[in-house]
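Q:
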Amino acid sequence: MTPTVLTKPYLIKFVRANNRQLHKCTIAKGGYRKSNKAEKYVFGFRLFDMVEYQGQECFIFGRRSSGSFDIRMLDGTKVSASISYKKLKLIKKSTTILTDIFDDKRD
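Per the working numbering, the sequence shown starts with residue 6, numbered consecutively.
(1) Going by C-alpha to C-alpha distance, which of 64, 36 and 87 sits closest to residue 100?
(2) Could you tell me the boundaries of the beta strand (DSSP E) in which residue 39 lies?
(3) Alpha carbon to alpha carbon, how far is residue 112 from residue 8?
(4) Looking only at C-alpha atoms, which of 95, 53, 44 and 87 sits nearest to residue 80?
(5) Out of curiosity, what's the CA-to-CA distance linking residue 85 and residue 44?
(6) On the criterion of 16 or more Cβ atoms from any shown chain inside 10 Å, does residue 17 qualify as buried, or is it exposed?
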């Protein structure tokens, strides 16, 4: 078996799987604790999903219940701070290890 040679460098990033703080710090009257976690799926998207926006592969780094998302490249460059879910196309579901082809020609 021959080893395969990679021709392009890959960028690999480890991301969290869960929020650890389950409830808000202040307790409401009557001892009711509000949940601190946002919904897992917002319009079918979740954190760190790979999506396509204007022919570019990006990752979801922030989600809002209104349906707008903060999308960035894996190296952290911001593509859009608030983009509608209608303009995004899901490419790949998220995992704890994100991989992307490293391209230093991006601006």
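Idealized CB from N, CA, C, for every residue including glycine.
A: With the structure as the only source:
(1) Nearest option by C-alpha distance: 64.
(2) Note, residue 39: premise wrong, no beta strand (DSSP E); not H, not E.
(3) Summary for residue 112: the model assigns pLDDT 48, below 50, so the residue's position carries little reliability; its value from the coordinates is reported in the next sentence. Taking the straight line joining both Cα atoms gives about 33 Å.
(4) The candidate whose alpha carbon is nearest that of residue 80 is 53.
(5) Spanning the alpha carbons of residue 85 and residue 44 requires a straight line of approximately 21 Å.
(6) So residue 17 counts as exposed.
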